[in-house]
Amino acid sequence: MPVHVTLLGLGRMGRALATRLTDRGHTVTTWSRSGGGTAATPAEAVAGAEVVLLCLYDGPACRAVLDQVRPALPAGAAVVNLATVGPDEAAELAALVPGTVHVPVLGSTGPAAAGTLTLLVGGTPGPAATAVLADLGTALPSGTPAQAAAAKLVANGVLADALLAVRTARSRAAALGLAPALTLDLLERTTLGGLVRAKRDRLDDDRLDGADFTATALAKDVALLAAALTPGADVAGLMTDPAVLAPLHDYAAGHATGDPSYHRRAFLPTARVEGLRDGVLTSWTLDEYCALFTGSPAPDEATRRRRIDHVSVTGTTGTATMTLHHGPDVFTDAFVLLQVDGAWRIASKTYHRAV
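Under this note's numbering, the residues of the sequence shown are numbered 111 to 465, in order.
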């Protein structure tokens with residue numbers, strides 16, 4: 111049955127979902143912080159909605175949008191949260207609007223466009239929400255909102271394990287003198303075959319642009335998994351306290367969303383950001399640095415990539431490096447980290463910019 115759907119968030123997945131639902135005959139109203147939606151504000155977007163889909167980056171983004179939406183929600187409108195968040199966050203967000211269903215998904219933009227996602231349904235959707243979800247994929251009942259969030263993190267942990275296994279295998283093969291093409295032919299015939307076959311074109315060409323899923327988002331999800339587990343649990347690629355990654359993920363989220371509040375959470379108030387721009391030393395206070403961000407993602411955000419390369423911790427101090435591919439520019443960022451009052455923050459950042 112056709113349903114009036116509001117979709118909040120137009121990143122890679124949000125755009126694919128909006129197209130799919132429109133093609134299936136639903137009336138779709140959209141909003142995005144970066145612009146490009148059919149409504150100017152979240153509150154305006156939910157007018158007349160029967161189902162409201164949240165397709166946002168993380169828990170804080172969901173909370174901020176729900177705070178704007180709640181007073182304007184039509185009576186009886188169903189809220190379906192598709193975001194990948196921690197189990198506790200999922201429960202807290204669901205409690206903000208009674209009857210909220212938490213439905214993280216397995217699959218990327220291709221399955222979203224084809225309506226073949228796996229939907230991890232936490233809660234009991236009503237008829238309108240059920241009709242919308244049926245056009246997006248196959249439901250896997252997953253208990254409560256918190257349990258559905260946990261199931262999503264387990265699944266993304268498997269993906270991280272598999273990607274690291276491919277990386278390790280390729281490194282070993284290179285050390286043993288195997289040609290890259292032979293290595294991929296070999297991996298296609300192992301338990302990693304499905305993943306390698308799906309990404310073979312990109313692996314052959316070392317082509318990373320236009321990916322279905324960003325490394326920054328996966329790193330965020332792995333950190334959520336680590337935080338939800340008991341201390342010392344084995345999580346892909348985390349060789350140190352996962353809490354030290356929190357400011358790095360906030361920093362990446364600040365770039366991805368254009369929202370300076372992420373940077374204020376990542377950095378100590380006394381932090382400085384320094385580097386050479388066109389051969390001239392630039393040195394910013396945190397306030398000056400945050401003023402560079404407009405509150406909206408960059409127009410080319412869908413093509414940008416960010417990677418945590420290194421983290422080292424000694425006691426309450428640490429260092430980290432990241433690589434950021436922003437259009438034609440490649441930034442190498444180096445951080446000094448401090449644990450203050452039990453929380454890790456960025457004490458300073460230096461960067462090198464290559465064009």
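Ideal Cβ positions, reconstructed from N, Cα and C, are used throughout, including at glycine.
Just so you know, these numbers come straight off a predicted model, no measurement behind them.
From this set, the options, which residue's C-alpha is nearest residue i's C-alpha?
i, options, result
"Leu305", "Gly389, Ala275 and Val113", "Ala275"
"His114", "Leu243, Lys459 and Val231", "Leu243"
"Val465", "Pro152, Pro438, Gly364 and Thr442", "Pro438"
"Gly186", "Gln178, Val162, Val195 and Leu250", "Val162"
"Leu206", "Ala272, Leu273, Pro181 and Gly225", "Pro181"
"Ala308", "Leu358, Gly217 and Ala159", "Gly217"
Opposite residue i in the DSSP bridges: which residues?
i, result
"Met432", "Ile418 and Asp443"
"Thr424", "Thr427"
"Gly232", "His212"
"Thr139", "Thr116"
"Ser393", "Glu384"
"Leu163", "Leu117 and Val190"
"Ser458", "Arg382 and Val446"
"Leu227", "Gly247"
Below 6 Å CB to CB, which residues in the same chain sit around residue i once its five sequence neighbours on both sides are set aside?
i, result
"Leu378", "Arg455 and Ala457"
"Thr395", "none"
"Val383", "Trp394, Tyr399 and Lys459"
"Ala201", "Pro255 and Ala256"
"Trp141", "Leu118, Gly147, Ala149, Pro152 and Ala155"
Once the 5 residues before and after residue i are set aside, which same chain residues still bring their CB inside 7 Å of it?
i, result
"Val175", "Leu118, Pro152, Leu164 and Leu166"
"Gln449", "Thr426"
"Asp451", "none"
"Val138", "Val115, Leu117, Ala128, Leu131 and Thr132"
"Ala412", "Arg122"
"His212", "Asn191, Ala200, Ala204, Gly232, Gly233, Pro255, Ala258 and Ala259"
In the DSSP assignment, the alpha helix (DSSP H) including residue i goes from what residue to what residue?
i, result
"Gly364", "Ala356 to Thr367"
"Ser371", "Pro370 to Ala376"
"Lys262", "Pro255 to Ala285"
"Asp133", "Arg122 to Asp133"
"Arg307", "Gly303 to Ala308"
When the distance is taken between beta carbons, is residue j closer than 8 Å to residue i?
i, j, result
"Thr460", "Ala444", "yes"
"Gly247", "Thr219", "no"
"Gly147", "Leu127", "no"
"Val190", "Val156", "no"
"Ala261", "Ser252", "yes"
"Val268", "Val354", "no"
"Ala258", "Leu302", "no"
"Leu335", "Leu288", "no"
With residue i as the anchor, note down where its beta strand (DSSP E) starts and where it stops.
i, result
"Thr248", "Gly247 to Pro251"
"Arg180", "Looking at the DSSP string, Arg180 is not in any beta strand (DSSP E), and its letter there is neither H nor E."
If you drop the 5 nearest sequence neighbours on each side, which residues of the same chain put their C-beta closer than 8 Å to that of residue i?
i, result
"Arg387", "Arg463"
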